[in-house]
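Okay, so here's the structure we're looking at.
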Amino acid sequence: MLLAAGLVLWLFLMFRALRPAMRGAGRSELAALFLYSAAAIPIFYLPALFYGPDTNFAVIDNWRFWIIHLWVEGFFELFATVLVATMFHQMGLVSVTTATRVVYVDAILYLGAGIIGTGHHWYFTGQGTLNIGLASAFSAMEVVPLTLLTLDAWDFVRIKDRSCADCGKRLAGGQTWAIYFLMAVGFWNFVGAGIFGFLINLPIVSYFEVGTLLTANHGHAAMFGVFGVLALAVLVFCLRAMQTDRAWEDTVRFVRVGFWGLNAGLALMVVTDLFPGGVLQLWDSLNHGYWHARRLTNLTSGIFHVLEWVRIFADSVFLALGVVPILIAALRTLGTRGVALGDRLL
Ligand code: HEM
Ligand SMILES: [Fe+2]
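So for the sequence shown, the working numbering puts the first residue at 1071; every next one is plus one.
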């Protein structure tokens, strides 16, 4: 309930900040799209309040995946696209027409595939074969916009170093690290959501796999890789805009370590435990049955269990070399605020 209230407050803050831009000429459509996509975030989170501990399981699962699927794979992806388009427009890298067109194309692709695709979480909640057929086909198409996003990430590599024809200055205005974070979003979108999501998406795979470590493997790589890293891209974008050039010279060192620490930590979690552990569990499910693969004794013994201990190393890299430096970089803003880039960017 607190989160729902927080999201509604956040929407009000967005509305207050975007209202002047929506009235202004030229950029009003992009600003309005930003607000609409932001409104979908609290609206599609609210179904979390529609069930309680006594609700029927099939009903709970129905609403649960409004949040897990429609929220993250549909409207949050759309919001992320509008956010990135707006950031690139603010940096002067793309025209408002291009940014707006990209948003419309993405809206058609994400929502077209993602809304019916929600049913890939309802294969086994008693919804019948029509759901299996439609949901598996449409959710498979979700990989198309994700691949396009990855191609975008390659473009970011070029955009990062582009300079303006007259002044020779780099257009990204010192926002190199925000762009690196966006490139990482593209990478994890492809690996975490595209590959690992698709891997467990077919009904025949899901039948043996549902709710095993391969789900956690996909959940971690997609959820943190895409939305966690995206939030950090915005954080770094704002930190750069708020700090003077002098202060940023020091801050950027923490951002650099944090970037590699977080990405390497997440990759290590996947490589050392989540993926191999998931494959082991799936193998067990195929050979001995699903009940066996999810038995407590099976989860707390053998190689499966050893891999979980190995994961401590990956988690430590994530925390010590990822979370801590980024936290320091954020806290440094307290004493070093300036208007260095603020005028240009905000
Ligand atoms: C950034 C986008 C995505 C995010 C953040 C995301 C996140 C998640 C999370 C957290 C879960 C676990 C839900 C739970 O059991 O409580 C999940 C499950 C699942 N995801 Fe995704 N996902 C994304 C994209 C995709 C895509 C593109 C596909 C397939 C094409 C996909 C297929 C699945 C399937 C089939 C499950 C169910 C697995 C199971 O219940 O065992 N996901 N996703
Ligand atoms: Fe989904």
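Positions of the beta carbon are idealized from the N, C-alpha and C atoms, including for glycine. What you are looking at is a predicted structure, and each value in this text was computed from that prediction instead of being measured.
Residue i versus residue j - alpha carbon distance
i            : j            : result
residue 1206 : residue 1150 : 24 angstroms
residue 1278 : residue 1265 : 18 angstroms
residue 1200 : residue 1296 : 31 angstroms
residue 1350 : residue 1262 : 19 angstroms
residue 1267 : residue 1316 : 43 angstroms
residue 1145 : residue 1272 : 23 angstroms
residue 1381 : residue 1087 : 42 angstroms
residue 1160 : residue 1244 : 13 angstroms
residue 1260 : residue 1178 : 19 angstroms
residue 1228 : residue 1258 : 19 angstroms
residue 1204 : residue 1189 : 8 angstroms
residue 1222 : residue 1321 : 27 angstroms
residue 1329 : residue 1251 : 7 angstroms
residue 1226 : residue 1325 : 18 angstroms
residue 1091 : residue 1305 : 21 angstroms
Integer Cβ distance of residue i from residue j, believed to fall under 8 angstroms
i            : j            : result
residue 1183 : residue 1147 : So it is not a contact: roughly 10 angstroms between Cβ atoms.
residue 1155 : residue 1172 : 5 angstroms
Opening and closing residue of the alpha helix (DSSP H) in which residue i lies
i            : result
residue 1082 : 1072-1093
residue 1275 : 1273-1279
residue 1351 : 1345-1358
residue 1291 : 1283-1292
residue 1505 : Residue 1505 cannot be examined here, being either before or after the span of the chain that is shown, 1071 to 1416.
Cβ-based neighbour list, residue i, same chain, cut-off 7 angstroms, excluding 5 preceding and 5 following
i            : result
residue 1196 : 1128
residue 1363 : 1282, 1351, 1354 and 1355
residue 1176 : 1148, 1151 and 1215
residue 1120 : 1133
residue 1327 : 1391 and 1395
residue 1136 : 1114 and 1117
Cβ neighbours of residue i in the same chain (closer than 6 angstroms, five flanking residues each side left out)
i            : result
residue 1103 : 1152 and 1173
residue 1140 : 1114 and 1188
Same chain, Cβ closer than 8 angstroms to residue i, five either side skipped, listed in chain order
i            : result
residue 1389 : 1335
contact_flag[the segment 1160-1169, the segment 1116-1128] where n(CB pairs < 8 angstroms) is 3 or more: Segments in contact, no.
Stretch-stretch touch, CB-based, cutoff 8 angstroms, three pairs: the segment 1282-1300 with the segment 1335-1349: Flag = yes, the segment 1282-1300 and the segment 1335-1349 touch.
Meets three-Cβ-pair contact criterion under 8 angstroms: the segment 1300-1311 and the segment 1383-1403: The segment 1300-1311, when compared against the segment 1383-1403, does touch it at the 8 angstroms Cβ threshold.
The segment 1316-1329 contacting the segment 1371-1385, beta-carbon criterion three pairs below 8 angstroms: In short, these stretches do not touch, since the Cβ pair count stays below three.
Cβ contact check for the segment 1328-1340 and the segment 1377-1389: 3 or more pairs under 8 angstroms: A contact exists between the segment 1328-1340 and the segment 1377-1389.
The segment 1071-1080 touching the segment 1101-1115, judged by at least three CB pairs closer than 8 angstroms: Short answer: they touch.
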